[in-house]
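Protein chains in written order, with the working numbering: chain A, 1 to 193; chain B, 194 to 386; chain C, 387 to 595; chain D, 596 to 804. All residues carry an ideal CB built from backbone N, CA and C; glycine is no exception. Predicted, not measured: the structure shown is a model, and the values here were computed from it.
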């Protein structure tokens, strides 16, 4: 679908009408809309979470603090932000794989990962990953060996979950900023190893 | 919506396309379509159930047989037919009100009542009547006194349920065919007293 | 399956509307007639399951006979009797092609006669007995509604044995089972309500309380 | 409410599609920005509840931000801040007006700060303890998913106290409650599966096993 088609999407017309009415009534400020979008699209994103992972890989003491008190540890890096009012970091090991979902809506640690991709919000992901996580992950390209224990975290309250992936082999001695480039968003949700 | 609009309803176009293909392939016989519709629209209907109710009101021995063995009793009247493979008749009394639903699809005793009205098949009726029957009935114009016990029957298998309403006052001595005119479909489903 | 069709007790569907129509439009009448008379291998249970397997948004968005029309097309397509591409071409329209998840198995024969069977064993349960509706989540078709699973009820009627939908819908045999009217207290099911709800449950759905 | 949003464990939604878009179209971006910044009395819980109260067919048929747009309009309409007739006129289109069932109560103030609270009592449960998720069916908003109700689980973490969504969504006060990570065995929840599912449950949702 092109942008031109989108212009004629009835939902687009309804969104525009609502926007116009809200601005006229003074219920939204166009400057706030712009700054909100700028913040979410430019300031937030998986690079923040990757920074946390890289530091945890590089600094065992930070990793301990992160697993013990997620919010306190990321605050050391100046992180936190929207939808991260309380943070629990769960660690992948050779024996355990963690994966995060929100079945009731689509809660997600915006302050660490930005806004979520469509698949995370999809009805298929929300409904299925609590019931058949191995199948869902396999469909997403992540085949888990049978002997890995799978733990699914349904973020049904205001606690946000964040997966600390295993450090890849061959990354010894790399500085944090280079380590961070090895971290993908999917690993921090738990749909990749 | 007029019939003309219906002609342009995409679902109508899809139904027509499917019909044409099925006839061309010999998978349906147009004569069978016509006779099926003729049977369901002209031979079946609430007048059959009303006949059963009237006879039960007029003939206590028949009523006992009807409550004891619904299928056997209606067979005496030459009745049975589609979706009436096993029949349980439940009796309304001054203390008990019965109401029938099928939450999983919309099972209904076609052979006694014809095809069901849209509201019986509606998501609102199917979802709500098992949980809040008094509210649903009130919205349909049937306010039940608090001291009447309400029994909801969810026809989740192939048993079909049929409500025998109370005989109205002032109908003593009326012949069965006149009594039958006092019976409304809604009473035999249980959304009217 | 724990499907979209299993709506007993769900909130959100709004107030009752007194819509007395049997068919809202001629195409619904056509859909009923075609679904009732198209010749193919299969049975009522697999038809119901085809309805349940429809895409949930389609299920809720379509009216009753819209679901019948969708399930009819799905069943014919799954048996290679028609091709939905051809329906698309003929319909020449934006009418959405019905999508459905796959069945765990399709019947390969059609039944004769109705669903009542005589079986050579006695019912396990008797009128007055307390039972629990098992908390089952079968992958295929079932007639055990979610809203009674795990709840205590009382047997109020022992019905005859019937073909078992959970197997019959998939071509896994008729495996006839006794059916029981099991009465549940609304206050137990929903935490509120002074009524009872009676549900017809096949013997394998139950265990003694 | 036992709403359409509560889909954990439901079948029928098909395979995973790797759709990486945050927004599919500019209007979704607009919907996000408007819902995030429109000034009105209310809170996150009542926003979530407005999404849940949307007509179920609309809920499933709309994409994520379509639901946000619908819930935004519902919330503004319910507070008499806009008139959907006017949106209809301006949109000049066939765009369906979002319908929703009424809320049991709307908040009349907006919160300050986040949802974490310090309360002057101790948590009732401790790590390692067995609990049962109560089988509650509140008429209003709740964060107790249907799929754990009635099931045994184990407390694995005691979180701080948080504003209680079941009251806060309706203006019935913050009533802060401890939250627990409760781990359930998939084999208990679904009858199959070797994984565990951990759900964050507010203290009133639990009872000792």
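C-beta neighbour in chain C for residue 257 (chain B), strict 8 angstroms: no
Residue 793 (chain D) - DSSP class collapsed to helix/strand/coil: strand
Cutoff 8 angstroms: residue 210 (chain B) Cβ touching any chain C Cβ: yes
Selection from A:175, A:147, A:164 that minimises the alpha carbon distance to residue 49 (chain A): A:164
Cα-Cα separation between residue 788 (chain D) and residue 146 (chain A), rounded to whole angstroms: 11 angstroms
Unbroken alpha helix (DSSP H) run spanning residue 659 (chain D), endpoints: 659–673
Close beta carbons around residue 65 (chain A), own chain, < 6 angstroms, minus the five adjacent residues each side: 73
C-beta neighbour in chain D for residue 576 (chain C), strict 8 angstroms: yes
Contacts of residue 395 (chain C) in chain B (Cβ-Cβ under 7 angstroms): 320, 323, 324
Cβ shell of residue 505 (chain C) (< 6 angstroms), same chain only, five flanking positions each side left out: 547, 562
CA-to-CA distance, residue 424 (chain C) to residue 219 (chain B), given in whole angstroms: 9 angstroms
Listed by chain order, chain C residues near residue 651 (chain D) by CB distance under 7 angstroms: 398, 399, 446
Residues that DSSP places opposite residue 347 (chain B) in a beta bridge: B:294, C:585
Residue 465 (chain C) vs residue 426 (chain C) beta-carbon contact at 8 angstroms: yes
Residue 720 (chain D) at chain A interface by Cβ criterion, 8 angstroms: no
Coil, strand or helix - residue 487 (chain C) by DSSP: coil
Boundaries (first-last residue) of the alpha helix (DSSP H) holding residue 23 (chain A): 10–24
Residue 579 (chain C) - DSSP class collapsed to helix/strand/coil: coil
CB contact check: residue 184 (chain A) to chain D, cutoff 8 angstroms: no
Residue 141 (chain A) beta carbon near the ligand ATP (any heavy atom closer than 7 angstroms): With respect to the ligand ATP, the structure shown offers nothing to examine, as it has no ligands at all.
Residue environment, residue 197 (chain A), which counts as buried when at least 16 other CB atoms sit within 10 Å: Residue 197 (chain A) falls outside the range modelled here, since chain A spans only 1 to 193, and no answer is possible.
Residues that DSSP places opposite residue 83 (chain A) in a beta bridge: For residue 83 (chain A), which the question treats as bridged, DSSP gives no partner whatsoever.
Within-8 angstroms CB hit, residue 389 (chain C) to chain D: yes
Burial state of residue 586 (chain C) (16 or more Cβ within 10 Å): buried
Interface partners of residue 142 (chain A) on chain D, CB under 9 angstroms: Those within 9 angstroms of residue 142 (chain A) in chain D number zero; the least Cβ separation is about 11 angstroms.
Contact under 8 angstroms by Cβ, residue 203 (chain B) with residue 457 (chain C): no
Straight-line Cα distance separating residue 377 (chain B) from residue 529 (chain C): 30 angstroms
Pairwise C-alpha distance: residue 120 (chain A) and residue 604 (chain D): 15 angstroms
Test: residue 458 (chain C) CB closer than 8 angstroms to a CB of chain D: no
Exposure label - residue 717 (chain D); buried when at least 16 CB within 10 Å: exposed
Strand pairing of residue 595 (chain C), partner residues [DSSP]: Paired residue(s): none; residue 595 (chain C) is not in a bridge.
Three-state class that DSSP yields for residue 360 (chain B) in the structure shown: coil
Sheet register partners of residue 749 (chain D) (DSSP bridge): D:725, D:778
Amino acids of chain B, ordered along the chain, whose beta-carbon sits closer than 8 angstroms to that of residue 437 (chain C): 298
Identity of the residues DSSP links to residue 772 (chain D) by a beta bridge: D:757
Minimum Cβ-Cβ distance from residue 538 (chain C) to chain D less than 8 angstroms: no
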